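Here the protein sequences line up with chains Z and E, keeping their order.
Residue numbering for the first sequence follows the working numbering, beginning at 1 and increasing consecutively.
Residue numbering for the second sequence follows the working numbering, beginning at 1 and increasing consecutively.
Where is the CB? At the ideal position from N, CA and C, for every residue including glycine.
In this text the structure is predicted, and so the values were computed from the model without any measurement.
Working notes for the structure below.
Protein chains: 2
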Amino acid sequence: MKTYTIGEAAKALNLTPYTLRYYDKEGLLPFVERTSGGTRFFKESDLDALRIIECLKMTGMPIKEIKTFIDWCSDGDATLQERFNMFQERKAAVEAQMQELMQTMRVIEHKCEYYQAALDAGTEAIHHDKQIAKALAH
Amino acid sequence: MKTYTIGEAAKALNLTPYTLRYYDKEGLLPFVERTSGGTRFFKESDLDALRIIECLKMTGMPIKEIKTFIDWCSDGDATLQERFNMFQERKAAVEAQMQELMQTMRVIEHKCEYYQAALDAGTEAIHHDKQIAKALAH
DNA sequence: CTAATCCCTAGAGTCAACTCTAAGTCAACC
DNA sequence: GGTTGACTTAGAGTTGACTCTAGGGATTAG
Numbered sequence: 001m002k003t004y005t006i007g008e009a010a011k012a013l014n015l016t017p018y019t020l021r022y023y024d025k026e027g028l029l030p031f032v033e034r035t036s037g038g039t040r041f042f043k044e045s046d047l048d049a050l051r052i053i054e055c056l057k058m059t060g061m062p063i064k065e066i067k068t069f070i071d072w073c074s075d076g077d078a079t080l081q082e083r084f085n086m087f088q089e090r091k092a093a094v095e096a097q098m099q100e101l102m103q104t105m106r107v108i109e110h111k112c113e114y115y116q117a118a119l120d121a122g123t124e125a126i127h128h129d130k131q132i133a134k135a136l137a138h
Numbered sequence: 001m002k003t004y005t006i007g008e009a010a011k012a013l014n015l016t017p018y019t020l021r022y023y024d025k026e027g028l029l030p031f032v033e034r035t036s037g038g039t040r041f042f043k044e045s046d047l048d049a050l051r052i053i054e055c056l057k058m059t060g061m062p063i064k065e066i067k068t069f070i071d072w073c074s075d076g077d078a079t080l081q082e083r084f085n086m087f088q089e090r091k092a093a094v095e096a097q098m099q100e101l102m103q104t105m106r107v108i109e110h111k112c113e114y115y116q117a118a119l120d121a122g123t124e125a126i127h128h129d130k131q132i133a134k135a136l137a138h
């Protein structure tokens, strides 16, 4: 079964070796094994686990909370409920983020139209207010 | 026309007075006026401008780039094209974020199902692999 | 066998975005 | 007019997540 050095794993995940060592130091990678010489080697399943970690980061979860989850994983079936709850919370967090992003998108699109019209007219004055704050607010 | 103290403005925007002073120090609020005594007062249009700033932050834009935009606003019509381009880029950034978030959502939902099944069975063993990394990766 | 290029650790440094402290000023109420 | 509480500044401190340095050790190519 193919394994990866820290540099190869970093490249595969689009991270740096520094970041992977940092994650390991923070306790996120208890499953990564070492050679007798002390060099880490990453298995395919380790990369998959790291992809989950990256996914949790995407939801805005801080490293310390991800560590709690990893610890639960090590603790086995006794923590199934906690882990389920955590993913339910992550799901709610992502849904909230998507709502916020959609609201943001509406504002940005409105601004695109605002500036398109201003460009066509050659001046922002068509939007009737030259005060910076008011122009920004439109 | 109603105006707001820094504390009132902060409350209205769900920020702290510290944050508003920090934004001002970074040059994001050149439009906020002061009383003769030096106290800031925020107009309704200033709050609207701050809502745009918060919107830009939501897109992942750093404070320094937001400052560039505010400077363009102060520069008038000569910078209309730059501002239009910036909003187009922000739109693309939000679209990319939404794609990423949807991908994240798929993974999270899969994990919710995984843990629901494990809870129903009373053990994660139904997913055939007790190694932490592999269980994480499923 | 040696040079190059990875790997290791501990710990320091960086960066963004706040967040707070200290020392003082201003405004409203009693 | 004095107390209270919110305002002001400059500048220091915090937090999270890296990112790098120094000083070594291991592994591969010639």
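- Within chain Z, the residues Ala118, Gly122, Thr123, Glu124, Ala125 have their CB atoms less than 9 Å from the CB of E:Asp77, given in chain order.
- With the criterion set as a beta carbon lying under 7 Å from some beta carbon of chain E, the members of the stretch 85-111 of chain Z are Phe87, Gln88, Arg90, Lys91, Val94, Gln97, Met98, Glu100, Leu101, Thr104, Met105, Val107, Ile108, Glu109, Lys111, in sequence order.
- Against chain E, the CB of Z:Arg83 has a partner CB under 9 Å away; the residue lies at that interface.
- When the beta-carbon positions are compared, E:Phe42 and E:Thr3 come within less than 9 Å of each other.
- If you compare the alpha carbons of E:Gly122, E:Leu13, E:Gly60 with that of Z:Leu80, the shortest gap goes to E:Gly122.
- At a cut-off of 9 Å between beta carbons, E:Ile52 contacts chain Z.
- For the options Z:Glu95, Z:Leu50, Z:Asp46, Z:Glu124, the alpha carbon positioned closest to that of E:Phe84 is the one of Z:Glu124.
- When rounded, the separation of the alpha-carbon atoms in E:Tyr114 and Z:Thr19 is 28 Å.
- Among the residues of chain Z, none has a CB under 9 Å from the CB of E:Met1; the nearest is roughly 12 Å distant.
- For Z:Phe87, the three-state secondary structure derived from DSSP is helix.
- Straight-line measurement puts the Cα of Z:Val94 at about 19 Å from the Cα of Z:Lys67.
- Between Z:Leu101 and Z:Glu54, the CB-CB gap reaches or exceeds 9 Å.
- Beta-carbon to beta-carbon, E:Ile6 and E:Arg34 are separated by about 11 Å, too far to satisfy the 8 Å threshold.
- For Z:Tyr115, the chain E residues whose Cβ falls inside 7 Å of its Cβ are Leu80, Arg83, Phe84, Phe87, in order along the chain.
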